[in-house]
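One structure below.
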Amino acid sequence: MKQKATNGRFKLFILITFLGFTVWWLYIALFLRNTDHYSNVHNQVFAAAYGVMSLLGGIIGLIASKKWGGRKSALGKALLFFALGLFAQEFGQLAYSFYLYALKVEIPYPSIGEVGYFGSVLLYIYAVIQLAKVVGVKFSLKDRRGKFIAAVLPLLLLTGSYLFFLRDYQFDFSSVKSTLTVILDFGYPLGQALYVAVALLTYILSRKLLGGLMKNKILFVLFALLVQYIADFAFLDAAKAQKVFPAGANDFLYLVSYTVMALALGSFLTLNLTPSNEKTETASTEGAQ
Amino acid sequence: MKKLKQQALRELNSMDIYAQIATKIIEQQETIIGPVAVEQAKAVSGLKVNWDKHEVTVSGNEQTVIDKLVDQYKELFGKISVEVCKEAASKLISQLPADQQPSSLK
Chain A
48 MKQKATNGRF KLFILITFLG FTVWWLYIAL FLRNTDHYSN VHNQVFAAAY
98 GVMSLLGGII GLIASKKWGG RKSALGKALL FFALGLFAQE FGQLAYSFYL
148 YALKVEIPYP SIGEVGYFGS VLLYIYAVIQ LAKVVGVKFS LKDRRGKFIA
198 AVLPLLLLTG SYLFFLRDYQ FDFSSVKSTL TVILDFGYPL GQALYVAVAL
248 LTYILSRKLL GGLMKNKILF VLFALLVQYI ADFAFLDAAK AQKVFPAGAN
298 DFLYLVSYTV MALALGSFLT LNLTPSNEKT ETASTEGAQ
Chain B
54 MKKLKQQALR ELNSMDIYAQ IATKIIEQQE TIIGPVAVEQ AKAVSGLKVN
104 WDKHEVTVSG NEQTVIDKLV DQYKELFGKI SVEVCKEAAS KLISQLPADQ
154 QPSSLK
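In structure tokens, the structure reads:
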């Protein structure tokens, strides 16, 4: 009962925070659209502040992870690494804001912010692999259909990502910085395609066997990953077209993705099961009637 | 006398096997869901769990108790939990005669 109330309060807090940021973002998008996005204080503060949602999600993820065994269990590890992924995103956000508003320089690429953003991609990949273990994907990999899907789906997504973002890529390995740029240019779209591919695989391969109280919680996390992928994809696409600016549509999409992930991780804070003794008692009462 | 002794020994062994099956299942579930696996096992009637000492005692109808334990995990993840339990107990289950095997693990 107490758990349920805590869960309700946490959800309400997340939703109110989301609503507050949404109203603020709408105000900027509707009433300040003709101002300079880089010098307007609303744009600056919004871009630097909305990452607080990923911080909240990260904290919630850490608490949930502890409940499920932390590093000692597959589910605990999955939740832990999703939480670390959210913290890494916030680190990236803060680093980018630091360049723009503290140092007042254009964000270099690559920069220290990449440790957070690219780090989060790697952390999400590891987290979703752990989640695949939790839902017993290995049982579905025993048949041919499972093996085929597991081989083809990631390949399709990686190829699609390559063709969309990297087809006409000009390689430059002339310096350490440019080599790092090449690695990141490939790493971002392919890494993101990989975590969403494993998420989709997890969904497809566990569809027939996954059930019970945990089903919706697991599906919620997979959905949150899909939303994160949409935000990442949209960001890369906008960055390619040089249409990214503070408090733009991309920032709002990231706010949505952090919110969904925070709610998804928060769903693991509670577990309402009927103890088998009670079930037996209920069954005997029903039998007597 | 000898026959009775043998039967008693066999019963003792199979009782021990049920406790071992329960232990294996809890251990396997613990690697997936952590301490919640132990919490769930403690909620099963007929199962006494002292996980600090890794001790599990099965009382009453052992087959039913194991079925209840599997059901407890099934409530969490559905059929996947049953598959995990089957895998965990597979080596031990083969040591039991068919009529003494818990139906959930067949």
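First to last, the protein sequences are chains A and B. Residue 48 is where the first sequence starts when you use the working numbering, and the numbers rise one by one after that. Residue 54 is where the second sequence starts when you use the working numbering, and the numbers rise one by one after that. Backbone N, C-alpha and C fix where the C-beta goes; we use that ideal spot for every residue, glycine too.
Item, Value
"M113 of chain B classed as buried or exposed, judged by whether at least 16 other C-beta atoms fall within 10 angstroms", "The amino acid at residue 113 of chain B is misidentified as Met; the sequence shows Gly. Per the 10 Å Cβ criterion, exposed."
"Candidates A:Y235, A:S167, A:L169 and A:Y146, of which the one nearest S158 of chain A by Cα", "A:Y146"
"For K262 of chain A and L66 of chain A, the rounded distance between their alpha carbons", "28 Å"
"Option nearest G163 of chain A by Cα separation, candidates A:F78, A:Q140, A:L241 and A:Y74", "A:Q140"
"DSSP-derived helix/strand/coil call for T82 of chain A", "coil"
"Alpha carbon of Q336 of chain A to alpha carbon of A121 of chain A, nearest angstrom", "At Q336 of chain A, the pLDDT of 36 sits below 50, so the modelled position is not reliable and the matter cannot be decided from this model."
"Cβ pair L256 of chain A, K132 of chain B closer than 8 Å", "yes"
"Short CB-CB distance (under 8 Å) between G258 of chain A and chain B", "yes"
"For V245 of chain A, the three-state DSSP class (helix, strand or coil)", "helix"
"Closer than 8 Å at the beta carbon, the chain B residues around F186 of chain A", "I133 and E136"
"Helix, strand or coil at V111 of chain B [DSSP, three-state]", "strand"
"Same chain, Cβ closer than 8 Å to T228 of chain A, neighbours up to 5 away in sequence not counted", "Y156, P157 and D219"
"As assigned by DSSP and simplified to three states, the class of G334 of chain A", "Confidence at G334 of chain A is low in this model, with a pLDDT of 40, below 50, so the placement of that residue is unreliable and no value is reported for it."
"CB of V102 of chain B within 8 Å of CB of V109 of chain B, strictly", "yes"
"CB of L127 of chain A within 8 Å of CB of R118 of chain A, strictly", "yes"
"Cβ-based burial, S156 of chain B [other Cβ within 10 Å; buried from 16]", "exposed"
"Through-space distance from D279 of chain A to L129 of chain B, alpha-carbon basis", "32 Å"
"Contiguous beta strand (DSSP E) assignments of at least 3 residues, all confined to the stretch 67 to 143 of chain B", "100 to 103 and 108 to 111"
"Three-state secondary structure assigned by DSSP to L257 of chain A", "strand"
"Opening and closing residue of the alpha helix (DSSP H) in which N90 of chain A lies", "V88 to A96"
"8 Å contact criterion, which Q125 of chain B and Q93 of chain B should meet: CB distance rounded", "5 Å"
"Interface positions of the stretch 74 to 89 of chain B facing chain A (Cβ-Cβ less than 8 Å), listed along the chain", "E83, T84, I85, I86, G87, P88 and V89"
"Distance cut-off 7 Å: K264 of chain A Cβ against heavy atoms of the ligand GDP", "Although the ligand GDP was asked about, the structure shown includes no ligands whatsoever."
"C-beta atoms of Q341 of chain A and G160 of chain A nearer than 8 Å", "The requested residue 341 of chain A does not occur in the structure, where chain A is confined to residues 48 to 336."
"Counted within 10 angstroms of its Cβ, other Cβ atoms place D162 of chain B as buried (16 or more) or exposed", "Outside the displayed span of chain B (54 to 159) sits residue 162 of chain B, for which this structure offers no information."
"K159 of chain B at chain A interface by Cβ criterion, 8 Å", "no"
"Cutoff 8 Å; reference K107 of chain B; Cβ partners in own chain excluding five residues on either side", "Checking the sequence shown, residue 107 of chain B turns out to be His, not Lys. Around H107 of chain B: T76."
"Status (buried if at least 16 other CB within 10 Å, exposed otherwise) for I230 of chain A", "exposed"
"Own chain, CB closer than 8 Å to V245 of chain A, minus 5 neighbours either side, in chain order", "I172, V175, I176, A179 and P201"
"Whole-angstrom distance between Q239 of chain A and Q275 of chain A, CA atom to CA atom", "9 Å"
"Separation of Q154 of chain B from I86 of chain B, as counted between CA atoms", "26 Å"
"Cβ-Cβ separation, M100 of chain A to T226 of chain A (assumed contact under 8 Å), whole Å", "Contact flag wrong, Cβ pair sits at about 34 Å."
"Straight-line Cα distance separating L102 of chain A from F68 of chain A", "14 Å"
"Straight-line gap, F299 of chain A to A94 of chain A (C-alpha atoms, nearest Å)", "9 Å"
"Alpha carbon of L247 of chain A to alpha carbon of L210 of chain A, nearest angstrom", "20 Å"
"Neighbourhood of L158 of chain B by C-beta, 6 Å cutoff - its chain only, sequence neighbours within 5 removed", "K139, A142 and I146"
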